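Asker: For my numbering, count along the sequence shown from 1 and bump the result up by 19. Think of the CB as a built atom: it goes at the ideal place given N, C-alpha and C, for glycine as much as any other residue. Keep in mind the model is a prediction, meaning the values are calculated, not measured. Next up is a structure, given as structure tokens.
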Amino acid sequence: MVSTQDDKFPMSVKVLSAFTKVRYTFTGKPMILDSFTRAQVSELTGLSNDVLAHWTKEGILRPADRSTGTGKHKFFRRREVNKVAILSKLREFHCSISTIRWLSERIDQAYAIHDACGGMDPYQLYSAPSITSYLKRFRSGLPTRRRYRFYDSDSDSIIYAKSEEEIINREDTELSEQEYDIFKRIIFERLDDDDAEIVLQIAADLSETAISHQSIRNIWLLWPESGGWKLFSDTDENLSGLRLSPPAAIYLHVTRVVRAVWGMKYTSSWGEEDQNG
């Protein structure tokens with residue numbers, strides 16, 4: 020939490036229960052807090068000013084557009100604070116700067132998707148990674164399932180898609196027509212990207228809905244592969260969705276990491292409250 024007693028921060032900082040309700044009071048007027056000095060980023064994330072200065076030089080910590088002019092004091096958005104908090108955990112594992120930069124770039128891409136969502140909640144992208152995988156498989160000419168059907172018999176329980184429209188079908192979503200158009204555009208714009216599924220997953224996991232809703236818990240598992248890193252995300256703390264676990268990986272409970280920055284309580288699926296958050 021940002022200290023309200025330190026002379027460095029004359030504005031009183033008040034973190035409310037919802038992630039979107041982070042506010043400060045200046046001359047008695049409540050405002051949305053989305054602008055932080057590097058010193059404040061340091062206090063919120065626990066990283067030293069020297070590390071943050073180095074990350075700024077490396078392009079990992081990115082100042083807000085309005086503060087990048089020559090001679091201007093740099094300010095950083097809330098999303099940068101979240102990103103730095105996540106990357107600090109990789110640093111605790113002594114990951115290289117290239118690994119930290121790899122995840123940083125994908126988080127930046129995910130936040131760019133947030134900006135492109137318009138009136139759609141980025142959390143609605145939670146199904147986008149699997150749909151993207153199916154579309155890539157379909158375009159490669161491989162048999163691709165459309166959806167499961169439930170019968171008493173297991174036979175004919177899978178329908179194979181005959182077109183891309185059967186894979187990305189509005190009837191299988193809970194989106195409005197406008198949201199569906201945004202959803203579809205975001206997927207198709209990134210369909211040729213090797214890391215499209217990872218970036219779309221990060222976009223959903225770092226949405227304000229995912230961070231603020233107490234019933235949502237996102238866990239990332241990261242491990243190196245030839246040519247890059249793999250990121251697996253699951254909402255089950257037991258990682259039951261992981262079909263083939265890697266020999267070794269970094270376990271990162273991204274929801275707890277981000278909530279801890281803003282002093283938000285975290286309760287596990289077993290009802291245990293995090294005493295460190």
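Just to check my reading of the structure: residue 210 and residue 118 have Cβ atoms closer than 8 Å, yes? What is that Cβ distance to the nearest angstrom?
Answerer: Between residue 118 and residue 210 the Cβ distance is about 26 Å, and since that is not below 8 Å, they are no contact.
Asker: From the DSSP output, in three-state form, read off residue 185 for me.
Answerer: DSSP places residue 185 in helix when its eight states are reduced to three.
Asker: Whether or not the segment 58-78 and the segment 246-262 are in contact is what I'm after, with contact meaning three or more pairs of Cβ atoms, one per stretch, closer than 8 Å; do they touch?
Answerer: Because the criterion of three Cβ pairs below 8 Å is not met, the segment 246-262 and the segment 58-78 do not touch.
Asker: Spatial neighbours of residue 172 within its chain, please: C-beta separation below 7 Å, excluding the five flanking residues on both sides.
Answerer: With a pLDDT of 47 at residue 172, under the threshold of 50, the modelled position of that residue is not reliable, and no figure is offered here.
Asker: Going residue by residue through the segment 116-160, where are the continuous alpha helix (DSSP H) segments of at least 4 residues, counting only ones entirely within it?
Answerer: DSSP runs (the alpha helix (DSSP H)) wholly in the segment 116-160: 116-135, 147-158.
Asker: What are the partner residues of residue 74, as DSSP defines its beta bridges?
Answerer: Partner(s): none; residue 74 has no beta bridge.
Asker: Out of 95, 59, 208, 165, state which residue places its alpha-carbon closest to the alpha-carbon of residue 188.
Answerer: Ranking 95, 59, 208, 165 by Cα distance to residue 188 puts 165 first.
Asker: What residue does the beta strand (DSSP E) around residue 252 start on, and which one ends it?
Answerer: Segment 247-253, the beta strand (DSSP E) holding residue 252.
Asker: Between which two residues does the alpha helix (DSSP H) harbouring residue 258 extend?
Answerer: Careful: residue 258 lies outside any alpha helix (DSSP H) and carries neither H nor E.
Asker: Return the first residue and the last residue of the alpha helix (DSSP H) that residue 196 is part of.
Answerer: Residues 196-208.
Asker: I need the boundaries of the beta strand (DSSP E) containing residue 244, first residue and last residue.
Answerer: Start and end: 238-244.
Asker: Rounded to the nearest angstrom, what separates residue 94 and residue 58 at their Cα positions?
Answerer: Taking the straight line joining both Cα atoms gives about 10 Å.
Asker: Out of 183, 97, 122, 155, which has the shortest C-alpha to C-alpha gap to residue 108?
Answerer: The candidate whose alpha carbon is nearest that of residue 108 is 122.
Asker: Leaving out the 5 sequence neighbours to the left and right, which residues in its chain are closer than 6 Å to residue 97 when beta-carbon positions are compared?
Answerer: Here the set comprises 53.
Asker: Give the range of the alpha helix (DSSP H) segment to which residue 230 is assigned.
Answerer: Its alpha helix (DSSP H) spans residues 227-231.
Asker: Considering only the alpha carbon of each residue, which of 255, 233, 268, 156 lies closest to residue 277?
Answerer: The residue with the shortest Cα to Cα distance from residue 277 is 233.
Asker: Which residues share a DSSP beta bridge with residue 55?
Answerer: In DSSP, residue 55 forms a bridge with 95.
Asker: Beta carbon of residue 64, beta carbon of residue 129: below 7 Å?
Answerer: No; because the gap between Cβ atoms is not below 7 Å, this pair is not in contact.
Asker: Report the residue from 241, 282, 136, 256 whose alpha carbon sits nearest the alpha carbon of residue 112.
Answerer: Ranking 241, 282, 136, 256 by Cα distance to residue 112 puts 241 first.
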